[in-house]
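Q: Numbered by the working numbering, the letters in the sequence shown go through residues 75 to 246 in order.
C-beta atoms are modelled at their ideal positions from N, C-alpha and C, and glycine is treated no differently.
The model shown is predicted, which means the values in this text are computed figures rather than measured ones.
Got a structure for you, written out below as structure tokens; questions coming shortly.
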Amino acid sequence: NRNWDKSNMLRPFWKLLSLLAFLVTGCSDGNQRVSEKTITSNEIQHLESAGLHQVYRVSPTLYSGSSPEGDEGFASLKALGIRTIISVDGAKPDTTRAEKYGLRYVHIPFGYDGIPKDRVLHLVKASQNLPGPIYVHCHHGKHRGPTAITAIQLCTDPSWSIEKSTQWHKLV
């Protein structure tokens, strides 16, 4: 029985930052400098949605939050225009309910002990190849989901930096 405090919950984020500091040069063309742009309120929006918690619109095609709760959560995702759900939680996704709402579900789980390199690559590939908008979630929407968003954004959005990622994690 482990006592998980906030520092333990943030461990995958800090491990990811060290991994991504190495990977970020491989994700850019080498000529493109990652900007030091900070997060502004119009870039990332906190949303209230029934059956969902910790919902953030990170970009026009990328959302982050908790696991959808019942029909209400899936209906909210549909209303947001979500087409693909990526779960990074260890729990089995409710694919039947997702299909009922016309949503695709992809399961790319990782634990609180960090995000493996192969999972970063799967997340980035999924975000680039699956129909969006995409909703990335973990159980509560506070740790692994935002860490997955960080991985995706650092590799696909030149305006994201390590500093901006740290601001994002303080926000959630």
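If I measure Cβ to Cβ from Val198 and keep anything under 8 Å in the same chain, skipping five residues before and after, which residues do I get?
A: The residue you call residue 198 lines up with position 124 of the sequence shown. Excluding residues within five positions, the ones whose Cβ falls inside 8 Å are Cys101, Ala225, Ile226, Cys229, Thr230.
Q: In terms of alpha-carbon separation, which member of His127, Thr158, Gly164, Tyr137 lies closest to Asn203?
A: Translated into the one-based positions of the sequence shown, residue 203 becomes position 129. Out of His127, Thr158, Gly164, Tyr137, Thr158 has the C-alpha closest to the C-alpha of Asn203.
Q: Short of 7 Å in beta carbon distance, which residues of its chain neighbour Glu146, apart from the five on each side in sequence? Order them along the chain.
A: As a working mapping, residue 146 is identified with position 72 in the sequence shown. Taken in chain order, the residues that qualify are Ala124, Gly125.
Q: Let's see if you can read the secondary structure: which residues bound the beta strand (DSSP E) around Ile160?
A: For the purposes of this step, residue 160 is taken as residue 86 along the sequence shown, with counting starting at 1. That run of the beta strand (DSSP E) goes 158-161.
Q: Are Val246 and Tyr130 close, meaning C-beta to C-beta below 9 Å?
A: Translated into positions along the sequence shown, residue 246 becomes position 172. Translated into positions along the sequence shown, residue 130 becomes position 56. In contact: Val246 and Tyr130 (Cβ atoms closer than 9 Å).
Q: In angstroms with no decimal places, state the Cα-to-Cα distance between Ile118 and Gly215.
A: For the purposes of this step, residue 118 is identified with residue 44 of the sequence shown, where counting begins at 1. For the purposes of this step, residue 215 is identified with residue 141 of the sequence shown, where counting begins at 1. Using only the alpha carbons, I get a separation of about 15 Å.
Q: According to DSSP, what are the bridge partners of Gly121?
A: Sequence index remark: in the sequence shown, residue 121 carries index 47 (1-based). In the sequence on display, residue 121 carries Leu and not Gly. In DSSP, Leu121 forms a bridge with Val129.
Q: Using only the alpha-carbon positions, how far apart do Val180 and Pro167 sit?
A: Taking the first residue of the sequence shown as position 1, residue 180 is located at position 106. Taking the first residue of the sequence shown as position 1, residue 167 is located at position 93. Using only the alpha carbons, I get a separation of about 8 Å.
Q: Report back the beta-carbon spacing between Gly206 and Cys212 to the nearest angstrom; my notes put them in contact at under 8 Å.
A: Looking up residue 206 in the sequence shown gives position 132. Looking up residue 212 in the sequence shown gives position 138. Contact doesn't hold; Cβ gap of about 19 Å is too wide.
Q: What residues match up with Gly139 in a beta bridge as DSSP calls it?
A: Against the sequence shown, residue 139 aligns to sequence position 65. DSSP lists His211 as partners of Gly139.
Q: Who are the Cβ neighbours of Arg171 in its own chain at under 6 Å, not counting the five residues just before and after it?
A: As a first step, residue 171 is located in the sequence shown; it is residue number 97 there, counting from the start. Correct list, in chain order: Phe148.
Q: Does His217 come out as helix, strand or coil in the three-state DSSP assignment?
A: For the purposes of this step, residue 217 is taken as residue 143 along the sequence shown, with counting starting at 1. Coil at His217, not helix or strand.
Q: Does the Cβ-Cβ distance between Ile189 and Ala165 come in under 9 Å?
A: As a working mapping, residue 189 is identified with position 115 in the sequence shown. As a working mapping, residue 165 is identified with position 91 in the sequence shown. No; because the gap between Cβ atoms is not below 9 Å, this pair is not in contact.
Q: From which residue to which residue does the alpha helix (DSSP H) around Val194 run?
A: For the purposes of this step, residue 194 is taken as residue 120 along the sequence shown, with counting starting at 1. Taken as a continuous stretch (DSSP letters only), the alpha helix (DSSP H) holding Val194 covers 191-203.
Q: Decide if Asp163 is buried, meaning its Cβ has at least 16 other Cβ atoms within 10 Å, or exposed.
A: For the purposes of this step, residue 163 is identified with residue 89 of the sequence shown, where counting begins at 1. When all chains shown are included, Asp163 counts as buried.
Q: Measure the alpha-carbon distance for Ile160 versus Gly185 and round it to whole angstroms.
A: Along the sequence shown, read from residue 1 onward, the residue named residue 160 stands at position 86. Along the sequence shown, read from residue 1 onward, the residue named residue 185 stands at position 111. Whole-angstrom Cα-Cα distance: 15 Å.
Q: Less than 9 Å between the C-beta atoms of Tyr209 and Gly144, yes or no?
A: Along the sequence shown, one-based indexing puts residue 209 at 135. Along the sequence shown, one-based indexing puts residue 144 at 70. No.
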